Ligand SMILES: [Zn+2]
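Numbering (UniProt numbering), first residue to last: 1 to 100.
Written as structure tokens, this is what we have:
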């Protein structure tokens, strides 16, 4: 018997309350089903996530020495993943939703 995607996620899977998410110790994919009832406008609702592992990325600044002996910051935008186990190369940010 064929199942629709909705049936696969909503009827045939094991459900847990959202509060149990922190108890997951091994990396795994989860589906969070919810309804947005309000948007908190005074807090960031998205973050810059790594294109490989989805952890937060931060902009990295590189300096260089100029011929006149002073230093300057390069114009190129480099990003560094905050996940020390990430093996991503050429990391770039992708906006991801923050759910609280
Ligand atoms: Zn990463």
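Yeah, the Cβ is synthetic: ideal placement off N, Cα and C, and Gly gets one too.
The model shown is predicted, which means the values in this text are computed figures rather than measured ones.
Taking buried to mean at least 16 other C-beta atoms within 10 Å of its own C-beta, is residue i buried or exposed?
{"i": "residue 31", "result": "exposed"}
{"i": "residue 34", "result": "exposed"}
{"i": "residue 91", "result": "buried"}
{"i": "residue 37", "result": "exposed"}
{"i": "residue 57", "result": "buried"}
Does the beta carbon of residue i fall short of 8 Å from some heavy atom of ligand 1?
{"i": "residue 23", "result": "no"}
{"i": "residue 89", "result": "no"}
{"i": "residue 54", "result": "yes"}
{"i": "residue 31", "result": "no"}
{"i": "residue 57", "result": "yes"}
Whole angstroms are fine: how far does the CA of residue j sit from the CA of residue i?
{"i": "residue 26", "j": "residue 85", "result": "14 Å"}
{"i": "residue 83", "j": "residue 93", "result": "13 Å"}
{"i": "residue 72", "j": "residue 60", "result": "14 Å"}
{"i": "residue 89", "j": "residue 53", "result": "11 Å"}
{"i": "residue 63", "j": "residue 79", "result": "14 Å"}
What are the start and end residues of the beta strand (DSSP E) that includes residue i?
{"i": "residue 49", "result": "46 to 50"}
{"i": "residue 93", "result": "93 to 97"}
{"i": "residue 65", "result": "63 to 65"}
{"i": "residue 78", "result": "78 to 81"}
Touch check for the stretch 37 to 47 and the stretch 13 to 22: three-plus C-beta pairs under 8 Å? No contact exists between the stretch 37 to 47 and the stretch 13 to 22.
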